Every structure is written in structure tokens, then in C-alpha cells.
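In my numbering, the protein residues as written are 49 to 536. Cβ atoms here follow ideal geometry from the backbone N, Cα and C, with glycine treated the same way. The structure presented is a predicted model; accordingly, all values stated were derived computationally and were not measured.
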């Protein structure tokens, strides 16, 4: 670890003093924040994480070389909506009913989000892309998408929003600006699947309503265009006001729809080609920072919402391991379900090319960003959030205190899903099997056999040796910690 510059130490002291006084840092000195969340990208899809990856990801690999790469960062859940809830609120998703998202807001009206926190520091806050956290929909009306859709991003701290309700394989398909549909989904689209892939891979989407003229293949570049415009407009119109842009790209989630330019560019089939396209779109957004003279004062955070949909037969077929040697995939309590690529670039603060194994959860973004902008959080906000700002600043190891135990639900946040707790190097899963999409999903305990799973993540990150029966006292301790966190 490199020695901390004296100016950074002094800045930290000033930050502490100001924090104690409850003052907010002046907006002129605050960084812009670009938070990029992609969808269903695996830990091993980037060459900066997996030297044997068959997918070209030059833009994201360059971002990693210019910033800090986290090797033990985790989503708040192993599925889209639990993960996004934790990221925006700093609160574990099992503490709320995330299943209401199809017709109701998942985030309560009075709950602080990263966006509403940043408003306290005079940020302009914008969101582009996939929301997947619900709107207040009038389910009794057949014409409900002609009515306003409250409870979404602009009612949870964002000044502006252009995006979609959920994934591009979940109807109805239509764009939303602010609280209103740009064009209601009055047309219909038939379901689609790709030969040679599983029923939830390839160019897969479900049948349902779609806005006239909307093409699913155009959604990814359309969001990229919008993000580039947000950056350009802000640079032209807002002077020294800091910008926070949350760009939630709905890819490489299905449907895998690479444009002609990217077809055949990877060694991982249409998934790899689509992921290469995602990399290019991220590159366009990063270029927009450069072109608008915002790069040097922008904190960029890149990650994925959960693991990939990539089976063992896909690894054998293409020689590409989307999980990067981890076990499982999307939805699982196993590592590939929730251990994510996580890259932070912050010129002048984060050491280029640095790597850390500091344990991080998506919930930790709220506390970290609050420290960056020196905003005091109320006690009711970000209950499960722990700042990793000292890690970004390159502080010596004594300052990098271990994160408290972390809890993640598999597949869904319901009571029937297994829970995972990570404390130090130990990981406990409260059941047998993946708990998600990988087989076996569940396993009935045998007489005298283990009823859960215990892994040493330092020596066995691939989760090959279940040590549940070897350490009964440790199991009991972890179960007690899990109960305490859940009941807190």
C-alpha cells in the first residue's frame, strides 16, 4: 500500500472536523458522481478480472487501470430489484417487501436514497435507464399507462428520469420521462426465444404491450445517448453545480441483442457480443466526461447488479467462464450470484491501478457518498451502510477496519430463500444447494449430515469444501450474528 500524501491526511482531518460540526461541504469543491450499474454481468466477464475472458472489454479494463479494482464486492441481493433497493437506500433488501415492484413503489416515500442525500449537498441528480423498483400503478384501469406514474425516481430524490419500468424482457415495454410514459404501450409484441440456448438466454423476451415504434434492440444505445446528453447539458447549463448521474443500463441482461457492429466480436457467442457492446456504450459515456472537461473532477463507480445467466454447458461450449472461477450464477447464494466486478475511478484521490480485497456491499455506497460530500445522515437512513472512503483514499491498513458481517438473501427476499452471512473470511449459507437458479437449488439434509454450508473464502473462494460439520461453534456464532442483524 502506498504512503498517504500529506494533503490527503489534512483533507481527512478537515472532513472529520466539518463532519462533527454538521456542516455541508461547499458544492464548488465536490466531485461529480457517475454511478454506472449494468445488468447480469459476471465477475469473470471483464479481462481485468479474468485474463482468460473471451470478451473484449477495453473501456472497462482501462477504467480499472485508471482506478481501484475491488475483488470482494457484493450486490445487496442476487436478483435485480433487491440489489437495486440496497444500492439506492443503504438498507438490506430483506428488510422490506421488494416483491411489490410490479405495481407499487418498493422504496417508501420517506426513505432517504443516495439521490435525496445528494440533494442536501446541492447536487443535480439524474437517472437514466432501468428502474425496477416500482411505481404507483392503478391496476384497476386498462388505460393506466396514460396516467402519471408516481413513486418512481423523480419522487425518490432524482431531478430527472428517462428510462423503463424493469428489464427489456418484462412487458410492458415503453419509455418513461419523469412520471409519464413517452408513448403508452398500446401495441403488442410476441414472445421470442433463441434456438440453441436455454429458455432464459439469447434474444429472449416475453409477450406483452409495447409502445408503437419501440425496438428492443435500440434501448441500450438510446440510454447511452441520453446519458451523454445529460452530461453535455449539465456542463453547458449548470456551471459549478455538481452532477450525480445514475446510469442503470439494462444489459447484458436478456434479450441479448448486439448490433451488427458487435456481432462476432467475442468468443462467447451472442452473450459475449452483447457484453462487448455494453463496454462500448460505457466508453461513450466516459468519453462524454472527457469532452465536457469533467473527467478530472468525477468520481466514477462501475458495477453490475447481480451475477450472469451462464451455465456449465456454456463454459464448456465457449471456454468462457462468466463467473471467473466462482461457483453458481444469478440468483444463487453461491459467490457468482452476488460477487461483482466493482471499479472506482477518482482522479487525484484513488491510486490508478490499485486493487483491494476490502469487503464491500452495495449498501455501503450511501455511507461512502455521505462521507465524500460531508452530509450527515439521519439515523433512519442507510442502516446497513458502512463507509469505505478510507479505502479509496489509500489509507494504511489500520484505518481499513474490517466491515461488519454482511447478509445477502438468495434468489428472492422472501422467508423461504436461504440467507448468506459473511463475517471475515467465513461464509455461512442457511441451507443446502444454490438457493437460486443453479442445480441443485435445494437439498434435503441427510441424518447426521450438514443442514447448511460453511466455506473459508480465503482458501476456498470456489466453495468446494463444506466445513459446516467441522466447526459447530463457528456455525452457531454465525447463526446468532445473522439473527441479530435480521432482527435489528
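Neighbourhood of residue 376 by C-beta, 6 Å cutoff - its chain only, sequence neighbours within 5 removed: 382, 384, 385, 482 and 486
Residues sharing a beta bridge with residue 228, DSSP: 225
Cα-Cα separation between residue 82 and residue 368, rounded to whole angstroms: 30 Å
Buried/exposed call for residue 134, threshold 16 Cβ in 10 Å: buried
Proximity below 9 Å, CB of residue 407 to CB of residue 419: no
Residue from 251, 225, 255 and 246 with nearest C-alpha to residue 239: 255
Unbroken alpha helix (DSSP H) run spanning residue 131, endpoints: 128–137
Continuous beta strand (DSSP E) assignments of at least 3 residues falling wholly in the stretch 227–307: 235–237, 256–258 and 291–296
Same chain only: Cβ atoms within 7 Å of residue 70, ignoring 5 sequence neighbours per side: Caution is warranted here: a pLDDT of 41 is assigned to residue 70, below 50, making its placement in the model unreliable, and no coordinate value can be reported.
Whole-angstrom C-beta distance between residue 122 and residue 146, which should lie under 8 Å: 17 Å between Cβ atoms; not a contact.
Reference residue 166; option with closest CA among 89, 211, 80 and 114: 80
Contained beta strand (DSSP E) runs [length at least 3] in the stretch 321–396, N- to C-terminal order: 346–352 and 387–393
Proximity winner among 154, 120 and 118, relative to residue 131 (alpha-carbon distances): 154
Residues bridged to residue 482 (per DSSP): None, per the DSSP bridge assignment.
Residue 534 - containing alpha helix (DSSP H), residue span: 520–535
Beta-carbon gap between residue 388 and residue 140 smaller than 9 Å: no
Pairwise C-alpha distance: residue 405 and residue 434: 16 Å
Separation of residue 78 from residue 452, as counted between CA atoms: 28 Å
Close Cβ partners of residue 398 (< 7 Å) along its chain, the five nearest in sequence each way excluded: 115, 116, 392 and 440
Contacting residues, own chain, Cβ-Cβ under 8 Å from residue 195 (five flanking each side not counted): 186 and 189
Given 8 Å, three or more beta-carbon pairs between the stretch 309–322 and the stretch 88–106: yes
Environment of residue 309 [buried if 16+ CB atoms lie within 10 Å]: exposed
Residues bridged to residue 409 [DSSP beta-bridge criterion]: 122
Whole-number beta carbon distance between residue 477 and residue 466, since they are thought to touch under 8 Å: 6 Å
Three-state secondary structure (DSSP) of residue 516: coil
According to DSSP, residues forming a beta bridge with residue 470: 454 and 475
Given residue 496 as reference, the closest of 489, 510, 520 and 512 once Cα atoms are compared: 520
Contact under 9 Å by Cβ, residue 84 with residue 295: yes
C-beta contact flag for residue 164 and residue 205 at 9 Å: yes
Boundaries (first-last residue) of the alpha helix (DSSP H) holding residue 110: 106–114
Through-space distance from residue 347 to residue 410, alpha-carbon basis: 16 Å
Ordered list of alpha helix (DSSP H) runs contained in the stretch 154–196, each at least 4 residues: 162–167
Residue 120 versus 221, 527 and 474, residue with shortest Cα-Cα distance: 474
Segment contact flag, the stretch 276–288 with the stretch 227–242, C-beta cutoff 8 Å, min 3 pairs: no
Integer Cβ distance of residue 503 from residue 515, believed to fall under 8 Å: 7 Å
Contacts around residue 536, its chain only, beta-carbon distance under 7 Å, and the 5 residues preceding and following it disregarded: none
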